[in-house]
Amino acid sequence: MNAQPEPEVQVERDGAVAIVTLNRPRALNALSSTLMKALASALDELEASPDIRAIVLTGGPRAFAAGADISEMKDLASGKAARAALSEHLARWDRVGRLKKPVIAAVAGYALGGGCELALACDLVVAAEDAVFGQPEVQLGVIPGAGGTQRLTRAVGKALAMDMVLTGRRLAAREALERGLVSRVVAPEVLLDEAKRLARRLAELAPLALRAAKLSVAAACDRGLDSGLKAEREAFYGLFDTSDQAEGMRAFVEKRPPVFEGK
Ligand code: DAK
Numbered sequence: 175m176n177a178q179p180e181p182e183v184q185v186e187r188d189g190a191v192a193i194v195t196l197n198r199p200r201a202l203n204a205l206s207s208t209l210m211k212a213l214a215s216a217l218d219e220l221e222a223s224p225d226i227r228a229i230v231l232t233g234g235p236r237a238f239a240a241g242a243d244i245s246e247m248k249d250l251a252s253g254k255a256a257r258a259a260l261s262e263h264l265a266r267w268d269r270v271g272r273l274k275k276p277v278i279a280a281v282a283g284y285a286l287g288g289g290c291e292l293a294l295a296c297d298l299v300v301a302a303e304d305a306v307f308g309q310p311e312v313q314l315g316v317i318p319g320a321g322g323t324q325r326l327t328r329a330v331g332k333a334l335a336m337d338m339v340l341t342g343r344r345l346a347a348r349e350a351l352e353r354g355l356v357s358r359v360v361a362p363e364v365l366l367d368e369a370k371r372l373a374r375r376l377a378e379l380a381p382l383a384l385r386a387a388k389l390s391v392a393a394a395c396d397r398g399l400d401s402g403l404k405a406e407r408e409a410f411y412g413l414f415d416t417s418d419q420a421e422g423m424r425a426f427v428e429k430r431p432p433v434f435e436g437k
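Numbered by this note's numbering, the letters in the sequence shown go through residues 175 to 437 in order.
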């Protein structure tokens with residue numbers, strides 16, 4: 175009897191943290207439609223799971239993901255064909271950016287093209303010292319199609335984004351840290367431990383406040399400042415309708431750890 179092939183997306187639960195691993199190492203985790211479908215359905219399940227409060231998204235030691243699967247895209251003969259073939263695909267990509275729970279990308283090796291865009295769609299990016307980020311699409315005759323021109327530009331600014339998107343320039347982890355594409359760099363051997371530690375920390379915090387926090391920070395990037403400030407204020411006031419806010423503030427005053435219930 176043939177052994178079952180390993181799933182291309184693996185999910186491990188560790189208390190309130192889920193670790194989602196892209197597992198297509200022979201193609202450097204190229205994000206095929208099958209893999210993205212599996213990723214979207216894993217994320218849907220985790221989003222709906224009340225026990226899970228934070229998610230780590232990772233790849234393998236050589237690649238977080240080397241981009242969308244070029245072999246799947248290479249024969250799309252027209253813009254219309256590409257739109258028809260990829261629009262469902264794009265909805266799956268958007269799934270990561272729309273998650274309500276906090277998601278941490280733990281990136282080792284290549285994060286190129288769609289792989290870089292996937293990392294950028296996460297809330298936090300922890301990189302291993304050997305991580306490499308880039309948007310090489312122009313070398314394939316296309317441009318980033320899953321948010322790269324927008325999210326990368328907001329993260330690193332126009333000058334460097336232009337350089338990366340127009341020339342395919344890659345950034346090593348340290349430079350990515352200096353330029354604001356990632357917020358932490360660690361040794362490869364502790365990458366997953368560090369990401370899990372961060373996720374556990376997030377999992378202890380008030381889920382509704384975290385959700386409001388990530389939406390508010392995203393609003394700073396995604397809209398003009400005025401509407402971002404307005405969104406932040408609305409979210410801030412809205413949290414006073416939750417019992418976690420009352421618990422959090424009460425616990426502080428009473429000098430004890432808070433017990434958050436997501437209500
Ligand atoms: N697609 C398919 N296969 C890939 C791949 C990819 N992106 N990247 C690597 N592979 C495969 C290679 O073909 C090779 O397979 P075999 O030949 O062994 O069968 C295997 O992985 C190992 O790769 P290499 O032999 O090339 O390994 P090297 O160490 O020499 O080089 C590399 C590693 C990462 C520098 C190189 O593989 C590379 O340049 N890969 C392509 C990187 C790239 O151009 N990525 C951007 C792809 S375009 C959208 C959604 C998403 C996107 C667009 C629209 N919508 C929904 C609208 C995203 C587009 C992209 O990401």
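Note that the Cβ used here is the ideal one computed from N, Cα and C, for glycine as well.
Indicate, with yes or no, if ligand 1 has a heavy atom lying under 8 Å from the CB of residue i.
{"i": "Ala201", "result": "yes"}
{"i": "Val316", "result": "yes"}
{"i": "Glu291", "result": "yes"}
{"i": "Ile244", "result": "yes"}
{"i": "Pro310", "result": "yes"}
{"i": "Tyr284", "result": "yes"}
{"i": "Gly233", "result": "no"}
{"i": "Met247", "result": "yes"}
{"i": "Leu260", "result": "yes"}
{"i": "Gln184", "result": "no"}
{"i": "Ala240", "result": "yes"}
Note down the Cα distance separating residue i from residue j, rounded to an integer number of angstroms.
{"i": "Pro381", "j": "Ala251", "result": "45 Å"}
{"i": "Ala177", "j": "Gly398", "result": "53 Å"}
{"i": "Thr323", "j": "Arg348", "result": "21 Å"}
{"i": "Asp304", "j": "Asp415", "result": "44 Å"}
{"i": "Thr208", "j": "Glu182", "result": "8 Å"}
{"i": "Ala420", "j": "Asn203", "result": "44 Å"}
{"i": "Tyr284", "j": "Ala377", "result": "28 Å"}
{"i": "Pro362", "j": "Gly331", "result": "27 Å"}
{"i": "Thr327", "j": "Ala265", "result": "21 Å"}
{"i": "Asn197", "j": "Cys296", "result": "18 Å"}
In or out: residue i buried (at least 16 other Cβ within 10 Å) or exposed?
{"i": "Ile317", "result": "exposed"}
{"i": "Val433", "result": "exposed"}
{"i": "Glu352", "result": "exposed"}
Please find out if some non-hydrogen atom of ligand 3 comes closer than 8 Å to the beta-carbon of residue i.
{"i": "Ala320", "result": "This structure simply doesn't include ligand 3; it includes ligand 1 instead."}
Exercise for the section: Examine the Cβ distances between the segment 219-236 and the segment 271-284 and report whether three or more of them are shorter than 8 Å. Expected result: yes
Problem - Cβ contact check for the segment 303-317 and the segment 373-393: 3 or more pairs under 8 Å - result: no
Handout entry: Any 3 or more C-beta pairs closer than 8 Å across the segment 363-383 and the segment 327-337
Key = no
Problem - Any beta strand (DSSP E) of 3 or more consecutive residues that is wholly inside the segment 266-343 - result: 277-281, 284-286, 298-302, 306-308
Practice task
Check whether the segment 256-269 touches the segment 344-353, taking contact to mean three or more Cβ pairs, one atom from each stretch, closer than 8 Å.
Solution key: no
Practice task
Any chance you could list the alpha helix (DSSP H) runs of at least 4 consecutive residues sitting entirely within the segment 186-244, in chain order?
Solution key: 207-222
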